[in-house]
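J.: A single structure is presented below for examination.
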Amino acid sequence: MPPFFHRLSFRLPAIFIAFSLLVALANAFTLYVSWQLQGSAAAINDLGSERMRSYRIAFLLTQREPGEGNGENLSDQIREEIARFEEVLSRLEVGDQSRPLFVPPRPTIRRQLADIQTAWSGEIRPAFESLLTIPADQRLHYLPRLRRALDGFVGRIDALVTDIEQASSRNTALLGSLQLGLLGLAIGGSVALVYLIILLVVRPVLSLQEGVQRMEKEDFSARVPVESEDEFGDLARGFNRMAAHLQDLYATLEQRVEEKTRHLEKRTRELTLLYGVSSFLEEPSNIETLCRGFLQAVLPAMGADAASIRMIDPQTQQIHLFVHEGLQPGFVAKERCLAQGECLCGASAWTGQTLVQTFPAQGELPYACEAAGYRSVWILPIAVQKQRLGLFNLYFREASELSPQERRLLETLVQHLGIAIENRQLVSRERELAVSEERNLLAQELHDSIAQSLAFLNLQAQMLRRSIESGEREQALTELAQIREGIQESYDDVRELLVHFRLRPGASEFEETVRSALEKFEGQTGIHTNLRISGAGMPLTAEQQLQVLHIVQEALSNVRKHAAANEVTVEIQRGETYRIEVRDDGCGIDPRRLEDGEGHVGLKIMRERAHRIGATLDILSTPSEGTCVRLLLPLLQKEAA
Numbered sequence: 001m002p003p004f005f006h007r008l009s010f011r012l013p014a015i016f017i018a019f020s021l022l023v024a025l026a027n028a029f030t031l032y033v034s035w036q037l038q039g040s041a042a043a044i045n046d047l048g049s050e051r052m053r054s055y056r057i058a059f060l061l062t063q064r065e066p067g068e069g070n071g072e073n074l075s076d077q078i079r080e081e082i083a084r085f086e087e088v089l090s091r092l093e094v095g096d097q098s099r100p101l102f103v104p105p106r107p108t109i110r111r112q113l114a115d116i117q118t119a120w121s122g123e124i125r126p127a128f129e130s131l132l133t134i135p136a137d138q139r140l141h142y143l144p145r146l147r148r149a150l151d152g153f154v155g156r157i158d159a160l161v162t163d164i165e166q167a168s169s170r171n172t173a174l175l176g177s178l179q180l181g182l183l184g185l186a187i188g189g190s191v192a193l194v195y196l197i198i199l200l201v202v203r204p205v206l207s208l209q210e211g212v213q214r215m216e217k218e219d220f221s222a223r224v225p226v227e228s229e230d231e232f233g234d235l236a237r238g239f240n241r242m243a244a245h246l247q248d249l250y251a252t253l254e255q256r257v258e259e260k261t262r263h264l265e266k267r268t269r270e271l272t273l274l275y276g277v278s279s280f281l282e283e284p285s286n287i288e289t290l291c292r293g294f295l296q297a298v299l300p301a302m303g304a305d306a307a308s309i310r311m312i313d314p315q316t317q318q319i320h321l322f323v324h325e326g327l328q329p330g331f332v333a334k335e336r337c338l339a340q341g342e343c344l345c346g347a348s349a350w351t352g353q354t355l356v357q358t359f360p361a362q363g364e365l366p367y368a369c370e371a372a373g374y375r376s377v378w379i380l381p382i383a384v385q386k387q388r389l390g391l392f393n394l395y396f397r398e399a400s401e402l403s404p405q406e407r408r409l410l411e412t413l414v415q416h417l418g419i420a421i422e423n424r425q426l427v428s429r430e431r432e433l434a435v436s437e438e439r440n441l442l443a444q445e446l447h448d449s450i451a452q453s454l455a456f457l458n459l460q461a462q463m464l465r466r467s468i469e470s471g472e473r474e475q476a477l478t479e480l481a482q483i484r485e486g487i488q489e490s491y492d493d494v495r496e497l498l499v500h501f502r503l504r505p506g507a508s509e510f511e512e513t514v515r516s517a518l519e520k521f522e523g524q525t526g527i528h529t530n531l532r533i534s535g536a537g538m539p540l541t542a543e544q545q546l547q548v549l550h551i552v553q554e555a556l557s558n559v560r561k562h563a564a565a566n567e568v569t570v571e572i573q574r575g576e577t578y579r580i581e582v583r584d585d586g587c588g589i590d591p592r593r594l595e596d597g598e599g600h601v602g603l604k605i606m607r608e609r610a611h612r613i614g615a616t617l618d619i620l621s622t623p624s625e626g627t628c629v630r631l632l633l634p635l636l637q638k639e640a641a
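In this text, residue positions in the sequence shown follow UniProt numbering: the first is 1, and each later residue adds one.
Given below as structure tokens:
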């Protein structure tokens, strides 16, 4: 911002105001001179009347008194003329602004007017008054002397009139000069204002326009001369700075495009690597395949010569070399197992911090990786929620620094790797737990069915032996038939268990699987079955479908073994809470067995399966009126989970 007095916003108004004031002053002076000319003309007129009035008074003094009835008294007329003379003379002295009337304020003129006043008051007026006291016939003796005094007095008035006329002539000439000056001022001022506008506004605008036109023609060397310290000067300096910046940008455009292209290519490679690794880590595979694929993707992308992933044993906290790429066998043998705090990898595992180590060209070789010929080693911990899983290593035979951008990329990749490893471990533990739970349920069901049947067969075999030894043929045949019946029942139980554990319904096959199970049950037992499905709701998950089917199968198995029923109905009602009921018209269950939760292994298994999916299981039964197994499964728990 230019100084205040250099700004156009100050200078242009100041110039116009100064020019207007100059014109106003010239006009005011012209009016003043015109006013002086008017006052001088009135003064000349009054002095002429004074000259005539002095002669008139002298003339009246030479006249005789008029006769009676001939008009006003002559003496009064003379006194009136004397009073008018003094009035006019006094008005000449003080002036009259209303006419206007005034004597030019020149010393010589003012002195002459004072002399006239002195002559009037000291000589002429006393002479007139003394003559008034003398009779008219005697005044003639004094008239010659009065004539001489009056001629001298009138001569003074004539001299004063002449000087005033000369002053008026000079004022008239001055007025003409002023008018010519005003004309010249108008012309010169207009020319000066036009010149100033051209100098202060038009010329800088044209200069800027020329610079802009040169810039449009891609002449970035164009510069605008800075010729003032006003707003246009600031604008010219700003234009020059802009032109210099554009010239620099244009000169380095190709270089900056290449740099930007390299940056974008590098960024694209990083994003491609991140996307590729993330996609690979989401594929189903074991941990070793996961880690090896991670090394094969990251190793060439980072330009390293070798890479490895070490896993930390959660029990012993030892660091084991899990997978590697590009490492020499001797180095692998030395680095197979490390303790916490041992070597660089142990230090990074201990602190949980990324470590970048560059070895000197000629050193003492205290580290195995340095002795193997590597100049730089990057070590990044693999951790999930502060749980240290392992280490990721990159080895370089040339000194290499880890840039902040590469550091962020590798830490992100390693974080994804850690999550993938943790997920695989969780899946493995979940599978082991599921297998263990299924084995436990299978053991319970085997104990509930086949084990009891085998115990019964063992007892029947002992009774058959005693009957044969005692020669009781009919009893032996009866026990043999019971043994055959027990064997058939055990066979049916085994077949039922095989079907039971082979059930794996799909997401849209749940109801068809229930229908198929009922058809097989009816074909094996001859018991009539019904399936009723109603309502609408969200589909069950695969785990929920599997457990519900096992509960239905177990309920049907209990009907086959204990109910002696003629008809079984399975009802499925969809909704926010699924309701599954298995009803039969059999003999029912003893209420004491229902109150004792441990009295029947099959009932206990059904309750365990219901608890696993967040459902509740109720068994409603009345002796001789059948049994109802009711399962209530709220889907809100699934959504909340």
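Cβ atoms here follow ideal geometry from the backbone N, Cα and C, with glycine treated the same way.
1. Tell me the DSSP secondary structure of T108 in three-state form.
2. Suppose you measure from the CA of T622 to the CA of E519; what does that come to, to the nearest Å?
3. Please classify F322: does DSSP put it in a helix, a strand, or coil?
4. Which residue marks the beginning of the alpha helix (DSSP H) containing A383, and which one marks its end?
5. Using DSSP with H/G/I as helix, E/B as strand and the rest coil, what is M538?
6. Give every residue of the same chain whose Cβ lies closer than 7 Å to the Cβ of E479, excluding the five residues on either side of it in the sequence, and list them in chain order.
7. Would you report the Cα separation of I319 and F510, rounded to the nearest angstrom?
8. Using a Cβ distance threshold of 8 Å, determine whether the region 342 to 349 contacts the region 388 to 396, with at least three qualifying pairs required.
9. In this structure, does DSSP put E398 in helix, strand or coil?
10. If L208 sits next to V194, beta carbons under 8 Å apart, how far is it from one beta carbon to the other, in whole angstroms?
11. What is the DSSP secondary structure of F392, counted as helix, strand or coil?
12. Using C-beta distances below 6 Å, list every residue in its chain close to P3, excluding the 5 sequence neighbours before and after it, in chain order.
13. Rounded to the nearest angstrom, how far is the Cβ of E270 from that of L295, given a contact under 8 Å?
14. Restricting to Cα atoms, I'd like to know which of I605, P107, Q36 is closest to S557.
15. Any heavy atom of the ligand GTP closer than 8 Å to the CB of R429?
16. Please name the residue in A333, L338, V568 whose C-alpha comes closest to that of Q317.
17. Compare the C-alpha of V582 against each of R156, I551, G303 and name the closest.
18. Please report the Cβ distance between V88 and E123, rounded to the nearest whole angstrom; I am assuming they are in contact, meaning their Cβ atoms lie under 8 Å.
19. Grouping DSSP H, G and I as helix and E and B as strand, with all else coil, what is Y578?
20. Give a yes or no on whether the C-beta atoms belonging to V494 and T529 are separated by under 9 Å.
21. Applying the 10 Å Cβ sphere with the 16-neighbour rule, what's the burial state of I164?
22. What does the Cβ neighbour count give for R429, buried or exposed, with the cut at 16 atoms within 10 Å?
23. Is the beta carbon of G575 closer than 9 Å to that of A536?
24. Tell me whether G586 is buried or exposed, calling it buried when 16 or more other Cβ atoms sit within 10 Å of its Cβ.
25. State the Cα-Cα distance for the pair A507 and V559, rounded to the nearest angstrom.
26. Identify whether T354 lies in helix, strand or coil by the three-state DSSP scheme.
27. Over what stretch of residues does the beta strand (DSSP E) that includes I572 continue unbroken?
28. Report the partner residues of H550 according to the DSSP bridge assignment.
29. Tell whether a beta-carbon distance below 9 Å holds between L617 and L417.
30. Hey, out of L200, S54, V23, A42, whose CA is closest to P104's CA?
31. With H, G and I counted as helix, E and B as strand and the rest as coil, what does DSSP make of Q36?
32. Output the boundary residues of the beta strand (DSSP E) element that contains C628.
33. DSSP three-state label for L246, please.
34. I'd like to know if A14 contacts chain B, where contact means its C-beta is closer than 9 Å to some C-beta of that chain.
35. Quick check on I589: does DSSP put it in helix, strand or coil?
36. Between the Cα of S624 and those of E543, E567, A563, spot the shortest distance and give me the residue it belongs to.
T.: Reading from the atomic positions:
1. As a working mapping, residue 108 is identified with position 108 in the sequence shown. In the three-state scheme derived from DSSP, where H, G and I count as helix and E and B as strand, T108 is classed as helix.
2. Within the sequence shown, the letter at position 622 stands for residue 622. Within the sequence shown, the letter at position 519 stands for residue 519. Going from the Cα of T622 to the Cα of E519 covers about 27 Å.
3. Along the sequence shown, one-based indexing puts residue 322 at 322. F322: strand per DSSP, three-state reduction.
4. In the sequence shown, residue 383 corresponds to position 383, counting from 1. Going by DSSP, A383 is part of no alpha helix (DSSP H) but of the beta strand (DSSP E) stretching over 376 to 384.
5. Along the sequence shown, one-based indexing puts residue 538 at 538. Shown here, M538 sits in coil according to DSSP, grouped into three states, outside any helix or strand.
6. Indexing the sequence shown from 1 puts residue 479 at position 479. Residues of the same chain with a CB within less than 7 Å of the CB of E479, apart from the 5 flanking positions on each side, are Q460, M463, L464, S467 in chain order.
7. As a working note, residue 319 is residue 319 in the sequence shown. As a working note, residue 510 is residue 510 in the sequence shown. The alpha-carbon separation between I319 and F510 amounts to approximately 47 Å.
8. Touching, yes, given that three or more Cβ pairs across the two stretches are closer than 8 Å.
9. For the purposes of this step, residue 398 is taken as residue 398 along the sequence shown, with counting starting at 1. The answer is coil: DSSP assigns E398 none of H, G, I, E or B.
10. Looking up residue 208 in the sequence shown gives position 208. Looking up residue 194 in the sequence shown gives position 194. Actually they do not touch by this definition, with Cβ atoms about 20 Å apart.
11. Taking the first residue of the sequence shown as 1, we reach residue 392 at position 392. Per DSSP, reduced to three states, the secondary structure at F392 is strand.
12. Start at 1 with the first residue of the sequence shown, and residue 3 comes out as number 3. Taking P3 as the centre and dropping the five residues before and after it, the same chain places no C-beta closer than 6 Å to its C-beta.
13. Against the sequence shown, residue 270 aligns to sequence position 270. Against the sequence shown, residue 295 aligns to sequence position 295. Not really, about 17 Å apart at Cβ, beyond 8 Å.
14. For the purposes of this step, residue 557 is taken as residue 557 along the sequence shown, with counting starting at 1. It is I605.
15. Within the structure as shown, the ligand GTP is missing, as the structure has no ligands at all.
16. In the sequence shown, the residue the question calls residue 317 occupies position 317. For the set A333, L338, V568, the Cα lying nearest the Cα of Q317 is the one of L338.
17. Indexing the sequence shown from 1 puts residue 582 at position 582. The residue with the shortest Cα to Cα distance from V582 is I551.
18. Stepping through the sequence shown from its first residue, residue 88 is reached at position 88. Stepping through the sequence shown from its first residue, residue 123 is reached at position 123. Their Cβ separation, rounded to whole angstroms, is 18 Å, which puts V88 and E123 out of contact at 8 Å.
19. Taking the first residue of the sequence shown as 1, we reach residue 578 at position 578. In the three-state reduction of the DSSP assignment, Y578 falls in the strand class, which pools E and B.
20. Here residue 494 refers to the residue found at position 494 when the sequence shown is read from its first residue. Here residue 529 refers to the residue found at position 529 when the sequence shown is read from its first residue. For V494 and T529, no; Cβs fall outside 9 Å.
21. Taking the sequence shown and counting its residues from 1, the one referred to as residue 164 is at position 164. For I164, the number of other beta carbons within 10 angstroms of its own is at least 16, and it is reported as buried.
22. In the sequence shown, counting from the first residue as 1, residue 429 sits at position 429. With fewer than 16 Cβ atoms within 10 Å of its Cβ, R429 is classed as exposed.
23. By 1-based counting over the sequence shown, the position of residue 536 is 536. By 1-based counting over the sequence shown, the position of residue 575 is 575. A distance below 9 Å separates the beta carbons of A536 and G575.
24. Taking the first residue of the sequence shown as position 1, residue 586 is located at position 586. When all chains shown are included, G586 counts as buried.
25. Position 507 of the sequence shown, counted from the start, is the residue given in the question as residue 507. Position 559 of the sequence shown, counted from the start, is the residue given in the question as residue 559. Residue confidence for A507 is low, a pLDDT of 44 falling below 50, so the modelled location carries little weight; the figure read from the coordinates is stated next. For A507 and V559, the distance between alpha carbons rounds to 28 Å.
26. Taking the first residue of the sequence shown as position 1, residue 354 is located at position 354. Per DSSP, reduced to three states, the secondary structure at T354 is coil, with no helix or strand assignment.
27. By 1-based counting over the sequence shown, the position of residue 572 is 572. Segment 567 to 573, the beta strand (DSSP E) holding I572.
28. Numbered from 1 along the sequence shown, position 550 holds the residue referred to as residue 550. H550 is not bridged to any residue.
29. Position 617 of the sequence shown holds residue 617. Position 417 of the sequence shown holds residue 417. With a cutoff of 9 Å on beta-carbon distance, L617 and L417 are scored as not near each other.
30. In the sequence shown, the residue the question calls residue 104 occupies position 104. For P104, the nearest C-alpha among the options comes from A42.
31. Residue 36 sits at position 36 when you count from the first residue of the sequence shown. Q36 sits in a helix when the DSSP states are folded into three classes.
32. Locating residue 628 in the sequence shown gives position 628, counting from the first residue. Secondary structure note for C628: its beta strand (DSSP E) is the uninterrupted segment 627 to 634.
33. Working through the sequence shown from its first residue, we reach residue 246 at position 246. DSSP places L246 within a helical segment (H, G or I) once states are collapsed to three.
34. The displayed structure is made up of one protein chain only, and chain B is not part of it.
35. Position 589 of the sequence shown, counted from the first residue, corresponds to residue 589. Reduced to three states, the DSSP call for I589 is coil.
36. Mapped onto the sequence shown, residue 624 falls at position 624. Here the closest residue by C-alpha is A563.
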